[in-house]
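In the UniProt record's numbering, the protein residues as written are 1 to 525. For every residue, glycine included, the Cβ atom is placed at its ideal position computed from N, Cα and C. Below is one structure, written out as structure tokens, with a few remarks after it.
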């Protein structure tokens with residue numbers, strides 16, 4: 001374009017004026033020769049100027065039209081096309097066929113290509129915008145789905161019945177779920193930032209900590225049982241697992257602790273084990289008692305025959321009497337063993353035990369004069385199907401044991417009433433069945449029973465008394481009688497505050513007609 005401008009400028013400023021001047025001089029040259037006066041000279045100059053102007057106007061109009069058509073209009077169209085493309089508008093159709101400059105024609109070809117591809121470009125831009133919108137919508141949908149999944153995961157952690165803790169690499173608690181607070185009664189502010197091993201029972205803390213650290217140091221998952229204290233100092237048993245969480249470099253960054261309260265399950269398991277142990281012990285003792293009873297029968301029989309053959313005033317007769325007394329005591333002990341093992345045959349009848357309790361208290365009150373017995377008996381308690389002699393022995397043994405725990409002084413309370421056993425109570429004590437029961441409670445204010453031996457008190461001949469004091473089968477016989485009557489014995493004791501024995505018997509609800517029929521059937525038998 002710069003060369004074109006140079007040619008046009010040279011044409012207008014040099015060639016065109018020279019050509020016009022030469023043409024005019026040639027036209028008016030004859031008249032120049034005839035000029036004689038100054039007036040004629042002026043007149044000739046005016047004619048020459050007018051002729052020059054007219055000729056110059058005609059040439060300029062011709063040149064302007066040609067220049068405008070060949071150069072200016074194509075340049076103007078190029079400018080508008082470039083502006084439309086810059087403003088992302090669809091350009092007009094280009095017609096630069098009249099342009100004489102090669103550069104303009106090259107620009108024409110480029111712009112025509114741009115114009116031809118402008119629609120496709122716009123379509124691709126529209127498709128790209130649609131694709132971008134689709135990707136954004138898909139990203140938002142995935143983000144919402146991830147948020148929903150995270151919300152569900154968070155809800156599962158928050159509302160699970162198992163406890164869950166999250167700690168950092170050093171073992172300090174970062175998070176705890178509501179179940180942990182519900183089980184231990186600790187709030188978040190009381191636990192966050194502290195290591196969880198502080199909750200472990202002190203006597204097992206060091207051993208448990210060593211086992212856990214040894215397992216986690218090998219990047220393994222630890223599983224086991226932990227005895228932990230709640231905020232109210234209650235000891236609970238947790239079945240726990242500790243899982244390490246590793247970072248990108250393989251180092252441990254977090255620990256997840258999950259667990260469940262198995263205190264009740266362990267207690268039921270202990271009760272079942274205790275029942276099996278006593279049952280096995282009862283079977284063993286029953287076999288020994290039967291054989292020993294046969295031997296005692298021979299001893300008593302031959303002793304009585306020997307006493308009949310000798311004078312009663314002699315020393316030998318007196319010695320045989322002592323042998324006979326000892327044999328009778330051994331027979332009573334065998335009877336207790338058989339009662340404990342539930343091998344002895346007893347007759348069960350429908351029984352209101354209020355009167356039996358009162359009668360038993362009157363009999364044993366003289367043997368424990370320093371103990372004041374308080375009775376709290378409901379008058380409308382249900383009947384039970386029981387052996388009166390066994391129930392009498394049960395009450396007597398429990399009262400005697402309580403008096404010895406109080407050192408033969410203090411208050412002893414006996415309570416009796418109806419109670420309804422629900423499914424929750426049965427889950428805690430599987431030996432019972434849901435329904436109506438009567439509850440016999442005998443409580444004292446003695447020294448209490450230490451927690452470490454409370455599971456052993458029903459073992460035969462187990463005792464915490466001094467050597468030489470009376471020991472025997474007291475509580476073992478109680479346990480055997482209760483088991484024989486399909487009942488349950490629950491012991492509650494606090495050290496130095498006393499003990500309470502709760503006995504549950506299934507109720508026997510009979511109308512007067514049913515009771516009469518039952519008694520007549522027994523009489524006929």
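Nonlocal neighbours in the same chain, by C-beta distance under 8 Å from residue i, ignoring five residues either side
i: residue 380; result: 418
i: residue 363; result: 396
i: residue 251; result: 169
i: residue 438; result: 353, 381, 382, 384, 416, 417, 418, 419, 504, 505 and 507
i: residue 247; result: 253
i: residue 317; result: 307, 310 and 311
i: residue 334; result: 289, 292, 293 and 296
i: residue 219; result: 244, 246 and 252
Alpha carbon of residue i to alpha carbon of residue j, nearest angstrom
i: residue 421; j: residue 486; result: 14 Å
i: residue 413; j: residue 290; result: 37 Å
i: residue 467; j: residue 452; result: Residue placement at residue 467 is poorly supported in this model, since its pLDDT is 45, which falls under 50; the coordinates still yield a value, given next. If you take the alpha carbons of residue 467 and residue 452, they lie about 20 Å apart.
i: residue 196; j: residue 234; result: 16 Å
i: residue 300; j: residue 329; result: 11 Å
i: residue 309; j: residue 323; result: 16 Å
i: residue 193; j: residue 159; result: 22 Å
i: residue 356; j: residue 296; result: 32 Å
i: residue 423; j: residue 434; result: 6 Å
i: residue 472; j: residue 427; result: Annotation note: pLDDT 47 at residue 472 (below 50); position unreliable, coordinate value reported separately. About 33 Å.
i: residue 404; j: residue 361; result: 16 Å
i: residue 18; j: residue 42; result: 22 Å
i: residue 315; j: residue 303; result: 14 Å
i: residue 368; j: residue 175; result: 59 Å
i: residue 488; j: residue 188; result: 40 Å
i: residue 293; j: residue 454; result: 32 Å
i: residue 45; j: residue 57; result: 18 Å
i: residue 358; j: residue 298; result: 39 Å
i: residue 183; j: residue 285; result: 43 Å
i: residue 172; j: residue 499; result: 41 Å
i: residue 432; j: residue 150; result: 45 Å
i: residue 143; j: residue 229; result: 42 Å
i: residue 406; j: residue 388; result: 27 Å
i: residue 366; j: residue 276; result: 38 Å
Residues near residue i by beta carbon distance below 7 Å, same chain, minus five either side
i: residue 411; result: 372, 374 and 445
i: residue 208; result: 200 and 226
i: residue 186; result: 231
i: residue 157; result: 164 and 177
i: residue 496; result: 447 and 448
i: residue 470; result: With a pLDDT of 48 at residue 470, under the threshold of 50, the modelled position of this residue cannot be trusted; read the value that follows with caution. Nothing listed; no residue qualifies.
i: residue 205; result: 197
i: residue 266; result: 237
i: residue 450; result: 495
i: residue 263; result: 236 and 237
i: residue 408; result: 368, 370 and 371
Collapsed DSSP secondary structure at residue i in the structure displayed
i: residue 211; result: helix
i: residue 229; result: strand
i: residue 502; result: strand
i: residue 19; result: helix
i: residue 332; result: helix
i: residue 220; result: coil
i: residue 157; result: helix
i: residue 292; result: helix
i: residue 234; result: coil
i: residue 485; result: coil
i: residue 308; result: helix
i: residue 437; result: strand
i: residue 247; result: coil
i: residue 262; result: coil
i: residue 507; result: coil
i: residue 449; result: coil
i: residue 313; result: coil
Same chain, Cβ closer than 6 Å to residue i, neighbours up to 5 away in sequence not counted
i: residue 260; result: 162 and 239
i: residue 377; result: 354 and 416
i: residue 223; result: 241
i: residue 352; result: 383
i: residue 481; result: 390 and 394
i: residue 386; result: 348, 351 and 485
i: residue 202; result: none
i: residue 443; result: 413 and 500
i: residue 54; result: none
Cβ-heavy atom distance, residue i to the ligand COA, below 8 Å
i: residue 265; result: As presented, the structure is devoid of all ligands, the ligand COA included, so that no description of it is given.
>> I want to know whether the region 160-176 touches the region 254-269 - three or more CB-CB distances under 8 Å.
In response: yes
> Which ranges would you report for the beta strand (DSSP E) in the region 344-429 if only whole runs of at least 3 residues count?
Replying inline: 349-351, 371-377, 384-386 and 410-421
> Which runs of the alpha helix (DSSP H) spanning at least 4 residues fall entirely within the region 168-210, listed in chain order?
Replying inline: 178-184 and 188-191
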